[in-house]
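Residue numbers (the numbering used here), protein chains in the order written: chain D, 76 to 215; chain X, 366 to 493. Every residue gets a Cβ at the ideal spot worked out from N, C-alpha and C, and that includes glycine. Everything on this sheet refers to the single structure shown next.
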Amino acid sequence: MRSRNVPQLGWTLEYIMWVFTRLSGLAMLLLAAFGMTAAFIMGARTQMDLPTLMRWTFFPNPNHVINSDIPDVTAGWANAFWQIMQMLLIFFGVTHGFNGLRVVIEDYVDHSFLRPMLRGLIFLLWLFSIIVAIYVILAS
Amino acid sequence: MTLRRRVWLQGLRYRGGLPMVVWLLHRITGLGILLFVGMHVIAAFFLQQFGNDVAIAITSLYESWPFQIVVYFCVLYHALNGLRVTILDIWPQLLEYQREAIWIQLAIFIPIYGLTIFIMIQNGLIGG
Numbered sequence: 076m077r078s079r080n081v082p083q084l085g086w087t088l089e090y091i092m093w094v095f096t097r098l099s100g101l102a103m104l105l106l107a108a109f110g111m112t113a114a115f116i117m118g119a120r121t122q123m124d125l126p127t128l129m130r131w132t133f134f135p136n137p138n139h140v141i142n143s144d145i146p147d148v149t150a151g152w153a154n155a156f157w158q159i160m161q162m163l164l165i166f167f168g169v170t171h172g173f174n175g176l177r178v179v180i181e182d183y184v185d186h187s188f189l190r191p192m193l194r195g196l197i198f199l200l201w202l203f204s205i206i207v208a209i210y211v212i213l214a215s
Numbered sequence: 366m367t368l369r370r371r372v373w374l375q376g377l378r379y380r381g382g383l384p385m386v387v388w389l390l391h392r393i394t395g396l397g398i399l400l401f402v403g404m405h406v407i408a409a410f411f412l413q414q415f416g417n418d419v420a421i422a423i424t425s426l427y428e429s430w431p432f433q434i435v436v437y438f439c440v441l442y443h444a445l446n447g448l449r450v451t452i453l454d455i456w457p458q459l460l461e462y463q464r465e466a467i468w469i470q471l472a473i474f475i476p477i478y479g480l481t482i483f484i485m486i487q488n489g490l491i492g493g
């Protein structure tokens with residue numbers, strides 16, 4: 076019988092991501108509440124149906140409200156402020172999500188050469204998703 | 366430490382009760398959201414830039430109300446369960462009441478989700 080490997084203490088990747096998962100989860104809840112409140116202030120109660128309001132709450136992109144009764148989407152709904160909100164949501168969401176995928180995968184994959192390979196693959200997918208999403212945000 | 370047991374088969378026999386079920390659902394809904402959001406971002410890119418047919422098919426699937434009911438379950442469940450986990454992590458003394466916390470979470474989740482999908486199914490069947 077040999078002693079158990081005790082994880083290193085301090086600012087390790089695991090600890091940083093553990094804290095980040097909690098903080099980004101709370102941040103996404105606040106961003107969603109903020110987006111929904113702002114939607115109601117801008118007149119969502121009479122101009123939107125429920126699925127449109129949900130799409131806007133999850134991600135405040137003008138394409139998400141384009142099929143509603145809002146007369147002019149460019150006024151209020153599509154501007155730099157909401158683009159920054161979208162980028163924050165994308166950064167928190169994509170990082171939270173791909174870190175979760177890493178945690179789930181590392182529960183089932185042992186310390187072989189596969190682990191660093193999968194970590195690299197997840198890192199590339201994370202980078203690709205962030206770049207593509209920011210491109211879409213800036214072009215919409 | 367490496368798990369060399371047959372995790373899947375033992376997991377089916379393991380009786381963790383309600384905390385195990387909510388943990389399992391948290392994983393499944395989390396992976397579901399990652400798949401949904403990842404495909405949605407890529408489809409949005411191809412739709413916006415090239416008007417791609419596959420991207421249009423994926424986007425119209427995402428806009429259909431039965432699919433939105435599934436996505437809404439994943440997002441709301443994952444958000445509320447994650448909030449419970451975060452609260453219990455911030456105040457570990459509350460871990461003594463973790464089963465009660467799960468019941469409170471379900472008592473919040475079921476009315477919000479039920480009311481929303483009631484409206485969505487009603488609108489979907491009428492065609493609104």
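Residue from the options whose Cα sits closest to the Cα of residue i
| i | options | result |
| --- | --- | --- |
| residue 404 of chain X | D/213, D/200, D/105 | D/200 |
| residue 443 of chain X | D/103, D/114, D/81, D/87 | D/103 |
| residue 390 of chain X | X/459, X/441, X/489 | X/441 |
| residue 427 of chain X | X/385, X/455, X/400 | X/400 |
| residue 173 of chain D | X/397, X/408, X/473, X/462 | X/397 |
| residue 209 of chain D | D/168, D/146, D/98, D/100 | D/168 |
Contact list for residue i against chain D, beta-carbon separation under 8 Å
| i | result |
| --- | --- |
| residue 485 of chain X | 125, 126 |
| residue 422 of chain X | The contacting residues do not exist; residue 422 of chain X stays about 17 Å from chain D at best. |
| residue 430 of chain X | 126 |
| residue 437 of chain X | 129 |
| residue 397 of chain X | The premise fails here: residue 397 of chain X is roughly 11 Å from chain D at the closest Cβ pair, so nothing lies under 8 Å. |
| residue 466 of chain X | Simply none; closest approach about 16 Å. |
Opening and closing residue of the alpha helix (DSSP H) in which residue i lies
| i | result |
| --- | --- |
| residue 461 of chain X | Note, residue 461 of chain X: premise wrong, no alpha helix (DSSP H); not H, not E. |
| residue 116 of chain D | 88 to 116 |
| residue 177 of chain D | 155 to 183 |
| residue 123 of chain D | Counting along the chain, residue 123 of chain D falls outside any alpha helix (DSSP H), and DSSP gives it neither H nor E. |
| residue 418 of chain X | 418 to 428 |
| residue 187 of chain D | No alpha helix (DSSP H) contains residue 187 of chain D, which DSSP labels as neither H nor E. |
| residue 388 of chain X | 382 to 415 |
7 Å Cβ shell around residue i - same chain, five flanking residues per side excluded
| i | result |
| --- | --- |
| residue 387 of chain X | 446, 467 |
| residue 436 of chain X | 401 |
Other residues of its chain near residue i: CB distance less than 6 Å, five sequence neighbours each side excluded
| i | result |
| --- | --- |
| residue 111 of chain D | 132 |
| residue 177 of chain D | 197 |
| residue 482 of chain X | 434 |
| residue 478 of chain X | 441 |
Partners in chain X for residue i, counting only beta-carbon separations shorter than 8 Å
| i | result |
| --- | --- |
| residue 84 of chain D | Ordered by position in chain X, no residue passes the 8 Å Cβ test against residue 84 of chain D, which lies about 17 Å from the chain. |
| residue 188 of chain D | Here the premise fails: no neighbours, minimum Cβ distance about 14 Å. |
Partner residues on chain X for residue i, Cβ-Cβ distance less than 9 Å
| i | result |
| --- | --- |
| residue 97 of chain D | 447, 450, 451, 454, 455 |
Interface partners of residue i on chain X, CB under 7 Å
| i | result |
| --- | --- |
| residue 101 of chain D | 451 |
Own chain partners of residue i with C-beta closer than 8 Å, once the 5 adjacent residues on each side are dropped
| i | result |
| --- | --- |
| residue 421 of chain X | 412 |
| residue 175 of chain D | 96 |
| residue 142 of chain D | 127 |
Neighbour flag for residue i against chain C, beta carbons, 8 Å
| i | result |
| --- | --- |
| residue 164 of chain D | Although the question refers to chain C, the structure presented lacks it and instead comprises the protein chains D and X. |
Proximal residues of chain D, C-beta to C-beta of residue i below 7 Å
| i | result |
| --- | --- |
| residue 463 of chain X | What residue 463 of chain X touches in chain D: nothing, since even the nearest Cβ is about 16 Å away. |
Closer than 9 Å at the beta carbon, the chain D residues around residue i
| i | result |
| --- | --- |
| residue 488 of chain X | 124, 125, 126 |
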